[in-house]
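Undergrad: Every number in this note's numbering is 396 more than the matching position in the sequence shown, counting from 1. Even for Gly, the Cβ is constructed at its ideal location relative to N, Cα and C.
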Amino acid sequence: MNETVYSAAPELRHPRRFVAEAVSDLRRSRSAAWALFVANLRAQHRRAWLGYLWLLIPALATAGVCALMQSRRIVAVGETQLPYPLFVLSGMVLWQGFLDGLNGPLEQLGRARQVITRSAAPHEAVIGAAILQALLGSAIRLLVFAAALAFSRVPLSAGAILFPLGLLALLALGLAAGLLAAPLGLLYDDVGRGLFLGAALLFFLTPVAYPLPADGLFRLNPAAVLLGEARGGLTGGGIDGPFILVAGAALAALLVAWLFYRLARPHVIARLG
């Protein structure tokens, strides 16, 4: 029987071997990630009466409540280029993709704690299952939003392709942050609670349910840049410098976060026992 030994010796002492092993684990984790994704999906929705509808309910409920409050003049919202219900729904589709990426790695690794501490299976399989689940949820919401656009007969520009690209960029940004937090999150539950509170605060600093000023400190929020540019593509916007810069930084951050997790993995396994 093969045995995997985790050592506290610095892995970056041999950087080429470290990268080669990381790529090898990534390749051999594909089938395991798919199997784990299917098993987790069945387990999560087996005991839910509404099943897969829970992938849509948060976005639809938030859009409905915001539209009701705006129509009753409970809150004052600035002018939006899309009809306000579609404005909120588009923001929630994008925001939920970010949240799935942010929370997915820690949730999946936490559920698979016995696997990652007592099995030679690569941790990339668990992380890959989280990515597949996030992609599935994002794809379903995207299809529902496309149906809502078609039903509302909103004219779209060629820049509409920016919307799914922005969704993928937000997913990558969330995954990067989630992977960076995962090692400590596996050891301390406070990290998971902190992610929840941080995401709630960031929601109000991101143009999900209302437009934000075009300049100021809000432009320092990478999620706000990606979400605003992606939504703007629906009504005539195009791929510009800020979007390319932030999306590229999100992909680079995801790569760094993955390698950071691999560096932290032996120490986490030793602590989890």
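Over what stretch of residues does the alpha helix (DSSP H) that includes residue 640 continue unbroken?
TA: For the purposes of this step, residue 640 is taken as the residue at position 244 of the sequence shown. Taken as a continuous stretch (DSSP letters only), the alpha helix (DSSP H) holding residue 640 covers 637-668.
Undergrad: Look at the Cβ atom of residue 657, then the Cβ atom of residue 566, and state whether they are nearer than 8 Å.
TA: Within the sequence shown, the letter at position 261 stands for residue 657. Within the sequence shown, the letter at position 170 stands for residue 566. Contact check for residue 657 against residue 566 fails: the beta carbons are separated by 8 Å or more.
Undergrad: Out of 597, 646, 550, which one is the CA nearest neighbour of residue 480?
TA: Locating residue 480 in the sequence shown gives position 84, counting from the first residue. The shortest Cα separation from residue 480 among 597, 646, 550 belongs to 550.
Undergrad: Does the count of Cβ pairs from the region 534-549 and the region 484-500 closer than 8 Å reach three?
TA: yes
Undergrad: What first and last residue would you give for the alpha helix (DSSP H) that runs through residue 550?
TA: For the purposes of this step, residue 550 is identified with residue 154 of the sequence shown, where counting begins at 1. Taken as a continuous stretch (DSSP letters only), residue 550 belongs to no alpha helix (DSSP H), as it is neither H nor E.
Undergrad: Between residue 545 and residue 508, what straight-line distance do the alpha-carbon atoms span, to the nearest angstrom?
TA: Along the sequence shown, read from residue 1 onward, the residue named residue 545 stands at position 149. Along the sequence shown, read from residue 1 onward, the residue named residue 508 stands at position 112. If you take the alpha carbons of residue 545 and residue 508, they lie about 39 Å apart.
Undergrad: Would you report the Cα separation of residue 606 and residue 630, rounded to the nearest angstrom?
TA: To locate residue 606, count along the sequence shown from 1; it is residue 210. To locate residue 630, count along the sequence shown from 1; it is residue 234. The alpha-carbon atoms of residue 606 and residue 630 are separated by roughly 16 Å.
Undergrad: Is DSSP giving residue 530 helix, strand or coil here?
TA: Looking up residue 530 in the sequence shown gives position 134. Residue state, collapsed to three classes: helix.
Undergrad: Rounded to whole angstroms, what is the Cα-Cα separation between residue 644 and residue 624?
TA: If you number the sequence shown from 1, residue 644 lands on position 248. If you number the sequence shown from 1, residue 624 lands on position 228. If I take the Cα positions, the gap works out to 16 Å.
Undergrad: Following the continuous alpha helix (DSSP H) through residue 475, name the residue where it begins and the one where it ends.
TA: Here residue 475 corresponds to residue number 79 of the sequence shown, with the count starting at 1. From DSSP, residue 475 is part of no alpha helix (DSSP H); its letter is neither H nor E.
Undergrad: Keeping to the same chain, check which residues put their C-beta closer than 7 Å to that of residue 583; ignore five residues upstream and five downstream.
TA: As a working mapping, residue 583 is identified with position 187 in the sequence shown. Here the set comprises 664, 667.
Undergrad: Using a Cβ-Cβ cut-off of 7 Å (strictly less than) and excluding sequence neighbours within five positions of residue 506, which residues of its own chain qualify?
TA: Reading the sequence shown from its first residue, position 110 is the one you call residue 506. 582.
Undergrad: Is the region 584-591 in contact with the region 515-529, if contact means three or more CB pairs nearer than 8 Å?
TA: In the pairwise beta carbon analysis, the region 584-591 is classified as not touching the region 515-529: fewer than three pairs are separated by under 8 Å.
Undergrad: Leaving out five residues before and five after residue 650 in sequence, what residues of the same chain have Cβ atoms less than 6 Å from its Cβ?
TA: Mapped onto the sequence shown, residue 650 falls at position 254. Counting only Cβ-Cβ distances below 6 Å, and skipping sequence neighbours, we find 568, 571, 572.
Undergrad: Mapping DSSP to helix, strand and coil, what is residue 602?
TA: Here residue 602 corresponds to residue number 206 of the sequence shown, with the count starting at 1. It is coil, neither helix nor strand.
Undergrad: Using the Cβ count rule (16 or more neighbours within 10 Å means buried), how would you classify residue 431?
TA: By 1-based counting over the sequence shown, the position of residue 431 is 35. It is exposed - the Cβ of residue 431 has fewer than 16 other Cβ atoms within 10 Å.
Undergrad: Evaluate residue 496 with the Cβ neighbour count: other Cβ atoms within 10 Å of its Cβ, from every protein chain shown; 16 or more gives buried, anything less gives exposed.
TA: As a first step, residue 496 must be located in the sequence shown, where it is residue number 100. Buried.
Undergrad: So which of 489, 558, 424 has the shortest CA-CA distance to residue 530?
TA: Here residue 530 refers to the residue found at position 134 when the sequence shown is read from its first residue. Sorting 489, 558, 424 by C-alpha distance to the C-alpha of residue 530 places 489 at the top.
Undergrad: Identify whether residue 617 lies in helix, strand or coil by the three-state DSSP scheme.
TA: Within the sequence shown, residue 617 is the residue found at index 221, counting from 1. In this structure, residue 617 counts as coil in the three-state DSSP scheme.
Undergrad: Short of 7 Å in beta carbon distance, which residues of its chain neighbour residue 352, apart from the five on each side in sequence? Order them along the chain.
TA: For the chain, the structure presents residues 397 to 669; residue 352 sits outside this window and is missing.
Undergrad: Between the alpha carbons of residue 592 and residue 554, how many angstroms are there, rounded?
TA: Stepping through the sequence shown from its first residue, residue 592 is reached at position 196. Stepping through the sequence shown from its first residue, residue 554 is reached at position 158. Computed Cα separation, rounded: 36 Å.
Undergrad: Ends of the alpha helix (DSSP H) at residue 568?
TA: The sequence position of residue 568 within the sequence shown is 172, counting from 1. Per DSSP, residue 568 belongs to the alpha helix (DSSP H) from 558-583.
Undergrad: Compare the beta carbon distance of residue 563 and residue 534 with 8 Å and say whether it is the shorter of the two.
TA: In the sequence shown, the residue the question calls residue 563 occupies position 167. In the sequence shown, the residue the question calls residue 534 occupies position 138. Contact flag set, yes.
Undergrad: I think residue 616 touches residue 642, with their Cβ atoms under 8 Å apart; what is that distance to the nearest whole Å?
TA: Within the sequence shown, numbered from 1, the residue matching residue 616 stands at position 220. Within the sequence shown, numbered from 1, the residue matching residue 642 stands at position 246. That pair is no contact at about 11 Å.
Undergrad: Distance, Cα to Cα, residue 413 vs residue 420?
TA: Mapped onto the sequence shown, residue 413 falls at position 17. Mapped onto the sequence shown, residue 420 falls at position 24. For residue 413 and residue 420, the distance between alpha carbons rounds to 10 Å.
Undergrad: Could you check where the alpha helix (DSSP H) with residue 411 kicks off and where it finishes?
TA: Here residue 411 refers to the residue found at position 15 of the sequence shown. Where residue 411 is concerned, the enclosing alpha helix (DSSP H) stretches over 411-424.
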